[in-house]
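Everything on this sheet refers to the single structure shown next.
There are 2 protein chains.
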Amino acid sequence: MDSALDHVLPVFWRDGFDGASVQELADAAGVSKPSLYAAYGNKEALYLAALRRYAELHMADRVVALDAEADGRAAIHRFLRSSVEAYTDPAHPSGCLIVMGTTACESATLPDAVRAALCATMRAAADQIEQRLLRAQREGQLPGAADTGAMAAYYNTVLAGLSVQAKAGAARDKLLGVVDEAMRNWPTRAGDALITHSPS
Amino acid sequence: MDSALDHVLPVFWRDGFDGASVQELADAAGVSKPSLYAAYGNKEALYLAALRRYAELHMADRVVALDAEADGRAAIHRFLRSSVEAYTDPAHPSGCLIVMGTTACESATLPDAVRAALCATMRAAADQIEQRLLRAQREGQLPGAADTGAMAAYYNTVLAGLSVQAKAGAARDKLLGVVDEAMRNWPTRAGDALITHSPS
DNA sequence: TTGATTGTGTACTGATTGGTACGTATATTA
DNA sequence: TAATATACGTACCAATCAGTACACAATCAA
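Protein chains in written order, with our numbering: chain A, 1 to 200; chain B, 201 to 400.
As structure tokens, this is what we get:
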């Protein structure tokens, strides 16, 4: 009954909340439709449960590694690289479930609770990155003037972009190259981060 | 009859191919459902027509400006900034229709022709960026060793990420900050672009 | 061996999906 | 004015949607 989530998750992951039919979810779980309803109540609650499962199964370890790495830049770099590896893992649907769900955020058929949970999860990820940047700043690996908020928003944006590219079928190596390119913005010389509006 | 597309487009833009029902599209266009079918054949053809309309209405001028700007870095910077302004324009649904559609690429209900058209449009945009980078390289604004392919993939990824963030409701100013952050990777010193794998 | 509880599948509900048959009204041509 | 062609809306089609009523089977306590 709990392992049903592990079979339901990839269907939501691939087709999204609206795209996945309850019949399809029940078939994937190997149970009948009423059994799913008996266990989870409705489609919305089932999705929220799958989302929690996704976070603990496919995001938690990356976040742990983010703090385990001693050097700030290396931590972010490794976080991006491992994200790409997850996004392009042929064992799962490609890309990130959260990003996938967020792009359907404007649809009226998406329940408010789902919308809220998706946004909360995405914000939590962004916060984790910013916390790591703040630590790097405290430890002198980042200039004191660096705008960690803007940098966190930047890395979060790159992550979302990588997810989209992976969904579109981009090769893993290509995306790893994008990660290396994305890391080139890390401020090495003091004062670099002060340039918020570069001359155009 | 042609102006119907202008009313259909935002519905597809907001709800996606699967999310938008033909009834909803007909209501938006101010005609009956059979009239839509008489004019366009089926939902798939209607979406493809809306996609063409989107490209010429919301992408073409940005691409023109990309070539009009003399300096390469300024051209890319302006392209990103104007994209953010378009993505967060309250007059339209937020984000980019192409990115929005691409995230539903794995769904089985998406017709192959739609999938192909979305990927082709996205690839065309990436090519435009790479062509602009190559020109900048020819004109000496970019080191000869710079990997323009990787850079184009990078900017394309950032664009996709910005679209996702806009869809999630991020403020325009925040995204403009992300653009400035993203531009900090532009190689200024010769040899910078050679570092494809930075020490981690 | 009872009686009650739990879990599951069959078969349904009303609503909505993409798509269409057909009658009607307008416009055009002669 | 009469005949034809085009355009459009009403009303429908089968299929599928999320969700449920209910009967049956298995398990449990006594």
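Ideal Cβ positions, reconstructed from N, Cα and C, are used throughout, including at glycine.
CA nearest to the CA of residue i, picked from the options
i, options, result
"B:A286", "B:A382, B:A371, B:N242", "B:A371"
"B:S307", "B:G216, B:R338, B:H207, B:R384", "B:G216"
"B:G219", "B:Y247, B:G230, B:P234", "B:Y247"
"A:T188", "A:K33, A:A152, A:G140", "A:G140"
"A:D129", "A:L110, A:D180, A:A153, A:L142", "Sequence inspection shows Ile at residue 129 of chain A; the Asp mentioned does not correspond to that position. Answer by Cα proximity: A:A153."
"A:P10", "A:Q137, A:R132, A:H92", "A:H92"
"A:D89", "A:T102, A:F12, A:N185, A:D173", "A:D173"
"A:A50", "A:F79, A:T109, A:V114", "A:V114"
"A:Y40", "A:L5, A:A60, A:C119", "A:L5"
"B:K367", "B:W213, B:V208, B:M351", "B:W213"
"B:W386", "B:Q337, B:L376, B:A360", "B:Q337"
"A:G60", "A:F79, A:E44, A:A45, A:D71", "Per the sequence shown, residue 60 of chain A should be read as Ala rather than Gly. Of the candidates A:F79, A:E44, A:A45, A:D71, the one whose C-alpha sits nearest the C-alpha of A:A60 is A:F79."
"B:A325", "B:A255, B:L375, B:P311, B:A275", "B:A255"
"B:R323", "B:I298, B:S203, B:R335", "B:I298"
Residue environment, residue i, which counts as buried when at least 16 other CB atoms sit within 10 Å
i, result
"B:N242", "exposed"
"A:M183", "buried"
"B:A265", "exposed"
"A:Q165", "buried"
"A:A68", "exposed"
"A:E181", "buried"
"B:T357", "buried"
"A:T121", "buried"
"B:L257", "exposed"
"A:S83", "buried"
"A:R73", "buried"
"B:T303", "buried"
"B:A226", "buried"
"A:A38", "exposed"
Within chain A, partners of residue i - CB distance below 7 angstroms
i, result
"B:V358", "T157, V158, G161"
"B:A286", "Correct list: empty, because the minimum Cβ distance to chain A is about 16 angstroms."
"B:R332", "The contacting residues do not exist; B:R332 stays about 14 angstroms from chain A at best."
Under 7 angstroms from the C-beta of residue i: neighbouring residues of chain B
i, result
"A:Y154", "V378, E381, A382"
Beta-carbon neighbours of residue i, restricted to chain B and to distances below 9 angstroms
i, result
"A:P93", "E306"
"A:M151", "E381"
"A:G208", "With chain A covering 1 to 200 only, the question about residue 208 of chain A has no answer from this structure."
Proximal chain A residues relative to residue i, where beta-carbon distance stays under 8 angstroms
i, result
"B:T302", "V164, K167, A168"
"B:V208", "Here the premise fails: no neighbours, minimum Cβ distance about 16 angstroms."
Per-residue contacts from residue i into chain A (C-beta, under 9 angstroms)
i, result
"B:K150", "Because residue 150 of chain B is not part of the residues shown, which for chain B are 201 to 400, the question remains open."
Every unbroken alpha helix (DSSP H) inside the region 249-296 of chain B [4 residues or more]: 260-268, 272-287
In chain order, each alpha helix (DSSP H) run of at least 4 residues that lies wholly inside the region 158-187 of chain A: 172-183
Alpha helix (DSSP H) runs wholly inside the region 202-241 of chain B, at least 4 long, in chain order: 204-219, 222-229, 233-240
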